[in-house]
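Asks:
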Amino acid sequence: MQDRPTTVELLEAVREFLERDVLPSITVHGVRYRMLIALNVLRIVAREVPGREARLRAELAALADLFDRPREAPPADAALLEARVQEANRELCERIRTGAADAGPWRARVLAHVGAMVEETLGINDPQRLATFTAGRGRP
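Residue numbers (my numbering): 57 to 196.
Below is the structure:
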């Protein structure tokens, strides 16, 4: 079993090479802009990889709670776990579309869940923006 370099280390090595050796030589504005986007994508993926399965398991459990269903053991297979989370999120979206979260106590639970998911995603995609956002709300 090979454990080095890790996936994150590989992503960081590619990002560092592109940033250090390739980006400075790019003079065409549109190409430089797309390279900056690609570098940002590599940063996002490097932050997303660690803990991804744990986050998916937690989200699946949170959705089961939101739907008032008993928690089941999450699938061990990562692809199946992701598929179950996507399926549960499609159900949540459908319930929202049909008005189930328009009023009442379930609305508050849905808003709390969606808010937590947005903050988690923002923490991966743009941690500085999340820090600014939460500091503005008086949260650590």
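Glycine included, every Cβ here is placed at the ideal spot set by N, Cα and C.
In whole angstroms, give me the CA-to-CA distance for E68 and V97.
Replies: Each residue's Cα considered, the two are about 11 Å apart.
Asks: Does the Cβ of R108 have 16 or more other Cβ atoms within 10 Å, making it buried, or fewer, making it exposed?
Replies: It counts as exposed.
Asks: With distances taken from CA atoms, which of A144, R113, N145, A118 is nearest P130?
Replies: Minimum Cα distance to P130 is reached at R113.
Asks: Comparing C-alpha positions only, which one of E115, T63, L95 sits nearest to A168?
Replies: A168 has its Cα closest to that of E115, out of E115, T63, L95.
Asks: The alpha helix (DSSP H) that contains I123, what's its start and end?
Replies: With the sequence shown as reference, residue 123 is identified as Phe, and Ile is not the correct amino acid for it. No alpha helix (DSSP H) contains F123, which DSSP labels as neither H nor E.
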